[in-house]
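**Student:**
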Amino acid sequence: MFDFKILHTDGEARHASMTVDDKRIETPMFMPVATKGTVKTLISEDLEELGVQALISNMYHLLLKPGIDKIEDAGGLHKFMNWDGLIFTDSGGFQMIRSDFDQKVTSKGVTFDSDQDSKTYEITPEKCIELQKRIGSNIAMCLDYCPPYPADRGELEKSVIRTKEWAERCRKQGENIFGISQGGTIPELREKSCKDIVNLNFEGNAIGGLSIGEPTELMYENTKISTSVFPKSKPRYFMGLGSPIDILECVEIGVDIFDSAYPTRNARHRTIFTKKGNIRIDKRKFGEQQIPLGLDCDCPTCRNYSRAYIHHLCKADELSWMRLASLHNVKFMMDLMEECRKAISENRYESFKKDFIETYKSC
Ligand SMILES: [Zn+2]
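Just remember that this note's numbering sits 51 ahead of the position in the sequence shown, which is counted from 1.
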């Protein structure tokens, strides 16, 4: 079962609900990344408490470890990781092509040798969807071909053709699948790839191959092209976008779903999100501050611990600071998305975005 309903629009920004099987979420939404079946340093109960609605895991990583059979034997990924919310799975096409393993990409699919178990894996578009479904993914992502950035026009043209052919084969594998567009930052290729994907009538349409190193203006320009081609009646997902400002800009042009390791990776690198901009908690001055990380944050970290304490844990190399910082950064993203939904519902998205960005850039 798949249902997407727009509840309210404000300009191009949308507040919507998406129901997949028995799981209902509201967009705009941000998904933490659970690449190997966990959001680093956190457990599923934490995510539930933080108000996380959905996660994205990675089929390629789970295939290598612990193996699809093991997850299937455990009763699927939801049961295996004790997570009752929505699970998206990425095909891992992006990682396969960039992996250190010997890999070969042909029109058939991707073949690679894993040094972890000395096996050769062949991932075709058909198999890619089959494996995602076998572990109980609610939304499977197509196998796409994203050339590394920067790529020349010829490579991008090839990737658009290959992505289309693979998407056609993925589409035949059932329902609850999102297509992914490519095309780099060349407007006509981006537009063509979006049209190719839309024609296949997936349940949702995703933007791939952006936010991989291109200038921000080109990223926005090509996102705009994508949302103008993608139908309004279906969810639009920007894969791998995680900075608060970029997300706010893309919500304004009609993107509904985001994911990124950005909040948790930053947390593990001592960078804490606050409404007044990001802070490096290991800086000396924070060792003196007996206040929470976020002054109006009610995450478990901010309810119970001070900046001085977390600063101390960092300096003492006590691993618990990674968890405390990750709890906070993920909650920051959840609060941000909730504020987006509220602002759209109240027809004040533009002023909300402007005020947020102004304050965020203030320090
Ligand atoms: Zn907090």
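In this text, a Cβ means the ideal position worked out from N, Cα and C, and glycines have one as well.
Can you tell me whether Ser371 is buried or exposed, with buried defined as 16 or more other CB within 10 angstroms of its CB?
**Tutor:** It is exposed - the Cβ of Ser371 has fewer than 16 other Cβ atoms within 10 Å.
**Student:** Going by DSSP, which residues form a beta bridge with Gln84?
**Tutor:** The sequence shown places Val at residue 84, not Gln. The partner list for Val84 (beta bridge, DSSP) reads Ile107.
**Student:** Below 8 Å on the Cβ atoms is my contact criterion, and I expect Pro83 with Pro314 to pass it. Report the Cβ-Cβ distance as a whole number of Å.
**Tutor:** Correct: roughly 7 Å between the Cβ atoms.
**Student:** Alpha carbon to alpha carbon, how far is His362 from His379? Give it in angstroms, no decimals.
**Tutor:** The alpha-carbon atoms of His379 and His362 are separated by roughly 14 Å.
**Student:** Tell me which same chain residues have a C-beta within less than 7 Å of the C-beta of Met270, skipping the five on either side of it?
**Tutor:** So the list reads Leu261, Ser262, once near-sequence residues are dropped.
**Student:** Is Gly345 near ligand 1, in the sense that its beta carbon is under 7 Å from a heavy atom of that ligand?
**Tutor:** It does: the Cβ of Gly345 is within 7 Å (strictly closer) of some heavy atom of ligand 1.
**Student:** Give a yes or no on contact between the stretch 61 to 73 and the stretch 106 to 123, applying the rule of three or more CB pairs nearer than 8 Å.
**Tutor:** No, the stretch 61 to 73 does not touch the stretch 106 to 123.
**Student:** Determine the extent of the alpha helix (DSSP H) in which Phe120 is found, giving its start and end residues.
**Tutor:** Note that residue 120 corresponds to Asp in the displayed sequence, not to Phe. Asp120 -> alpha helix (DSSP H) spans 119 to 124.
**Student:** With 16 other CB atoms within 10 Å as the buried threshold, where does Gln167 fall?
**Tutor:** So Gln167 counts as exposed.
**Student:** Cβ-heavy atom distance between Thr352 and ligand 1 below 7 Å?
**Tutor:** Yes, the Cβ of Thr352 comes within 7 Å of a heavy atom of ligand 1.
**Student:** Does the stretch 298 to 310 touch the stretch 63 to 70, meaning 3 or more C-beta pairs lie closer than 8 Å?
**Tutor:** As far as the Cβ criterion goes, the stretch 63 to 70 touches the stretch 298 to 310, which means the pair count is three or higher.
**Student:** Determine the extent of the beta strand (DSSP E) in which Gly160 is found, giving its start and end residues.
**Tutor:** Note, Gly160: beta strand (DSSP E), 160 to 164.
**Student:** Between the stretch 126 to 141 and the stretch 184 to 200, do at least 3 Cβ pairs fall closer than 8 Å?
**Tutor:** The stretch 126 to 141 is in contact with the stretch 184 to 200.
**Student:** I need the DSSP call for His363, collapsed to helix, strand or coil.
**Tutor:** Residue state, collapsed to three classes: helix.
**Student:** Residues bridged to Glu181 by DSSP?
**Tutor:** Its beta-bridge partners do not exist; DSSP assigns none.
**Student:** Tell me whether Gly205 is buried or exposed, calling it buried when 16 or more other Cβ atoms sit within 10 Å of its Cβ.
**Tutor:** Label assigned to Gly205: exposed.
**Student:** Is Tyr172 helix, strand or coil when you go by DSSP?
**Tutor:** Reduced to three states, the DSSP call for Tyr172 is strand.
**Student:** Measure the CB-CB distance between Arg222 and Ile228 and report whether it falls below 8 Å.
**Tutor:** Contact: yes.
**Student:** Can you tell me whether Asn273 is buried or exposed? The criterion is at least 16 other CB atoms within 10 Å of its CB, across all chains shown.
**Tutor:** Buried: at least 16 other Cβ atoms inside 10 Å.
**Student:** Look at Ala376 and Ile323 and say whether their C-beta atoms are less than 8 Å apart.
**Tutor:** Yes, Cβ-Cβ distance for Ala376 and Ile323 is below 8 Å.
**Student:** Grab the span of the beta strand (DSSP E) containing Val71 for me, first residue to last.
**Tutor:** 64 to 71 is the extent of the beta strand (DSSP E) around Val71.
**Student:** Using 8 Å as the threshold, is the stretch 228 to 244 in touch with the stretch 196 to 214, meaning 3 or more CB pairs across them?
**Tutor:** With a cut-off of 8 Å, the stretch 196 to 214 and the stretch 228 to 244 count as touching, because enough Cβ pairs lie within range.
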